[in-house]
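Asks: Letter by letter, the sequence shown follows residues 10 to 405 of the working numbering.
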Amino acid sequence: MNRYSQRHENLRTSPIRDIMHAINVPGMVSLAGGLPSPDSFPALTSLTVEASQLQYGASEGEQLLREYLAESLNQRGIPTHPEQVLILTGSQQGIDLAAKLFVDPDTVVAIESPTYLAALQTFNYFGARYLEFVPGQNCYWPSQTNQTEHPSLVYAVPNFQNPTGHVYSMEERQGLAAACDQTRSVLFEDDPYRDIVFEPCDRTPICSLLKRSSWIYQSSLSKTLAPGLRLGYMTSSPDLFPKLVQLKQAADLHSCRVAQQLALALLNSDNANERLQQNLQNYTHRKSYFNDLLNRIFGDLANWETPKGGLFFWLKLNTPYRLDTRKLLPTALQRHIAFMPGEYFYPVLQSQVSNRSADHPGIGTLRLNFSHASEHDAAIALEKLAELIKISQVPH
Ligand SMILES: Cc1ncc(COP(=O)(O)O)c(C=O)c1O
10 MNRYSQRHEN LRTSPIRDIM HAINVPGMVS LAGGLPSPDS FPALTSLTVE
60 ASQLQYGASE GEQLLREYLA ESLNQRGIPT HPEQVLILTG SQQGIDLAAK
110 LFVDPDTVVA IESPTYLAAL QTFNYFGARY LEFVPGQNCY WPSQTNQTEH
160 PSLVYAVPNF QNPTGHVYSM EERQGLAAAC DQTRSVLFED DPYRDIVFEP
210 CDRTPICSLL KRSSWIYQSS LSKTLAPGLR LGYMTSSPDL FPKLVQLKQA
260 ADLHSCRVAQ QLALALLNSD NANERLQQNL QNYTHRKSYF NDLLNRIFGD
310 LANWETPKGG LFFWLKLNTP YRLDTRKLLP TALQRHIAFM PGEYFYPVLQ
360 SQVSNRSADH PGIGTLRLNF SHASEHDAAI ALEKLAELIK ISQVPH
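1) Quick check on Gln361: buried or exposed, where buried means 16 or more other Cβ atoms within 10 Å of its Cβ?
2) For my contact list, Gly318 and Ile205 are in at a C-beta cut-off of 8 Å; report their separation, rounded to the angstrom.
3) Buried or exposed, going by whether 16 or more other CB atoms sit within 10 Å of the CB of Gly351?
4) If contacts are defined as beta-carbon pairs under 8 Å, then Thr197 and Val163 qualify, I think. What distance do you get, rounded to the angstrom?
5) Would the C-beta of Gly99 count as close to ligand 1, meaning under 7 Å from any of its heavy atoms?
6) At what residue ranges does the region 144–212 contain a whole run of the beta strand (DSSP E), taking only runs of 3 or more?
7) Within 10 angstroms of its Cβ, does Ala52 collect 16 or more other Cβ (buried), or is it exposed?
8) Tell me which residues share the same chain as Ser228 and place their Cβ nearer than 7 Å to its Cβ, disregarding the 5 neighbours each side in the sequence.
9) To the nearest angstrom, how far is it from the Cα of Ser363 to the Cα of Thr54?
10) Can you list, in chain order, the residues of its chain whose CB lies under 7 Å from that of Lys252, leaving out five sequence neighbours each side?
11) Inspect the beta-carbon positions of Val94 and Pro160 and report whether they are closer than 8 Å.
12) Need the endpoints of the beta strand (DSSP E) that Ile120 sits in, please.
13) Rounding to the nearest angstrom, what Cα-Cα distance links Leu289 and Val195 in this structure?
14) On the premise that Asn171 lies in contact with Tyr125, defined as a C-beta separation below 8 Å, what is that separation, rounded to the nearest angstrom?
15) Is it right to say Met88 is buried, meaning 16 or more other beta carbons lie within 10 angstroms of its own, or is it exposed?
16) To test your reading of the DSSP string, which unbroken alpha helix (DSSP H) runs of 4 or more residues are found completely within the region 201–274?
17) So, does the region 335–351 touch the region 63–75, judging by three or more C-beta pairs under 8 Å?
18) Count the other CB atoms, across all protein chains shown, that sit within 10 Å of the CB of Thr173; report buried if there are 16 or more and exposed otherwise.
19) Is the Cβ-Cβ distance between Tyr177 and Pro356 less than 8 Å?
20) On the three-state DSSP scale, how would you describe Met349?
21) Counting pairs of beta carbons, one from the region 294–301 and one from the region 272–285, are three or more of them closer than 8 Å?
22) Measure the Cβ-Cβ separation of Phe50 and Ala311 and say whether it is below 8 Å.
23) What are the boundary residues of the alpha helix (DSSP H) that includes Phe354?
24) Using the Cβ count rule (16 or more neighbours within 10 Å means buried), how would you classify Asn168?
25) From Val112, Gly373, Gly145 and Gln84, pick the residue whose C-alpha is nearest to that of Gly136; which is it?
26) Can you give me the start and stop residues for the alpha helix (DSSP H) that Arg331 sits inside?
27) With Glu80 as the anchor, note down where its alpha helix (DSSP H) starts and where it stops.
28) Give a single yes or no on whether Pro167 has its beta carbon closer than 7 Å to a heavy atom of ligand 1.
29) Do you know how far the Cα of His385 is from the Cα of Leu219?
30) If you run the structure through DSSP and keep just helix, strand and coil, what is Glu283?
31) Provide the residue(s) that pair with Lys325 in DSSP beta bridges, ordered along the chain.
32) Express the C-alpha separation of Arg12 and Thr233 in angstroms, rounding to a whole number.
33) Among the candidates Leu271, Pro247, Ala41 and Leu256, whose CA atom is the shortest distance from the CA of Arg239?
34) So Tyr134 is in the alpha helix (DSSP H); what residue range does that whole segment cover?
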């Protein structure tokens, strides 16, 4: 018998990774993952890699890329020196590092509910206990708990949240910063979608509003360059940075140097900004087209808010159709439509407290990605999905 770690008991497969396997089935239309459009990827010209670049590198990352990203962080209102930038192997790695730094079994982590599925997967693995908050509601967590039980870590995705698409108002940002300061809870701000923006909205980093608390801020190159490069980046308050670097050293020594060099070349290329603007135009068009499809096909079935950025629509099924969408998924996959049941994004399922439909808070929700499927395929997939929901309708 293998003697596994206790943490291993909390190991679960990610439903999204499982669905991603199904996506490779020929003919499958995916509205499931947060996949950027293949048309958005940069054209790759040849890249000369010097032999020295193939040597082991610095754990913090390639200096020129750190300089580029420090400048970008400065522009968004987070004063950052290049020495305070840590390159990550995807921003998913940042979640792992933050969890390793702060989460023991039973550590209280405050999260939006619903929240990013793979963050739940990581926090669960380390044994987190959750305090859920809704941006702008109540006074965040202090009202839910006694004074001794403040969260050690507060995980938030303030811009075009995954899965809801919500973007915090300035008031909500200030409220969350004040709550962190008041309880000396560490803010972990995850911002991978900030540049996928369709209309003007406040995107002030919440960490820049903090007065006392420590913080971690991270973003990604996956949504604006290419997810296959597996590159993200992180900065933090000075007290945390050396610890995060040490955790990175222990995790993978450093991120791929060739990928970093390629990313830097793409970010510095003459048409980098033009490409981003073109992608934003395409995504804005796709988002509007998808919204029109939803109005036509899902108008009576569900309600949603049109996202101001990001890659997702978040649907709540109307009462007569409010079924557990997890149960819909196998049939949907058989009919070559992949989507994400919304129930998976709630911590209640992950912590195994309750998996039953009746008392699940996210029942009747689904997340649909609009950036990957073609317009033609999206229309067909939505028609089929609506049909499935109608025939599966639970009598009330
Ligand atoms: C909120 C959030 N954080 C982190 C990630 C991880 O992104 P990556 O590891 O590709 O940088 C994602 C991916 O979709 C995400 O939605």
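Note that the Cβ used here is the ideal one computed from N, Cα and C, for glycine as well.
Replies: Let's see:
1) Confidence is the limiting factor: at Gln361 the pLDDT is only 48, short of 50, which leaves the residue's position unreliable, though a coordinate-based value still follows. Note on Gln361: under 16 other CB atoms within 10 angstroms of its CB, so exposed under the neighbour-count rule.
2) Correct: roughly 5 Å between the Cβ atoms.
3) Looking at its Cβ environment, which holds 16 or more other Cβ atoms inside 10 Å, Gly351 is buried.
4) According to the sequence as given, residue 197 is Phe; it is not Thr. About 6 Å separates the beta carbons of Phe197 and Val163, which is inside the 8 Å limit, making them a contact pair.
5) Under cutoff, so the answer is yes.
6) Listed in chain order, they are 162–165 and 195–199.
7) The residue is exposed, with fewer than 16 neighbouring Cβ atoms inside 10 Å.
8) Closer than 7 Å at the Cβ level, and outside the excluded window around Ser228, lie Ser100, Asp200, Pro201, Arg203, Gly241 and Tyr242.
9) Summary for Ser363: the model assigns pLDDT 49, below 50, so the residue's position carries little reliability; its value from the coordinates is reported in the next sentence. Approximately 51 Å between the Cα atoms of the pair.
10) Correct list, in chain order: Leu110.
11) In this structure, Val94 lies away from Pro160, with their beta-carbon atoms at least 8 Å apart.
12) Val117 to Glu121 is the span of the beta strand (DSSP E), which, as asked, contains Ile120.
13) Within the model, the alpha-carbon separation for Leu289 versus Val195 is close to 33 Å.
14) Indeed, because the Cβ distance is near 5 Å, the residues count as touching under 8 Å.
15) The identity of residue 88 in the sequence shown is Pro, whereas the question assumes Met. Taking all protein chains shown into account, Pro88 has fewer than 16 neighbouring C-beta atoms within 10 Å of its C-beta and is therefore exposed.
16) The region 201–274 contains these whole alpha helix (DSSP H) runs: 250–261.
17) No, because fewer than three Cβ pairs between the region 335–351 and the region 63–75 fall closer than 8 Å, the two stretches do not touch.
18) Counting Cβ neighbours within 10 Å, Thr173 comes out buried, since at least 16 surround it.
19) In this structure, Pro356 does not lie closer than 8 Å to Tyr177 by Cβ.
20) DSSP places Met349 in strand when its eight states are reduced to three.
21) Result no; under three Cβ-Cβ pairs closer than 8 Å.
22) Taking 8 Å as the Cβ cut-off, Phe50 and Ala311 do not qualify as a contacting pair.
23) First-last for Phe354: undefined, no H or E at that position.
24) Burial call: buried.
25) Cα-wise, what sits closest to Gly136 is Val112.
26) That residue, Arg331, is in no alpha helix (DSSP H); it is neither H nor E in DSSP.
27) Segment Gln72 to Gln84, the alpha helix (DSSP H) holding Glu80.
28) No - ligand 1 has no heavy atom lying nearer than 7 Å to the Cβ of Pro167.
29) If you take the alpha carbons of Leu219 and His385, they lie about 46 Å apart.
30) Glu283 falls in the helix class under three-state DSSP.
31) For Lys325, DSSP records a beta bridge to Asn312 and Thr374.
32) Thr233 and Arg12 have their C-alpha atoms some 42 Å from each other.
33) Nearest Cα to Arg239 within the set Leu271, Pro247, Ala41 and Leu256: Leu271.
34) Note, Tyr134: alpha helix (DSSP H), Leu126 to Tyr134.
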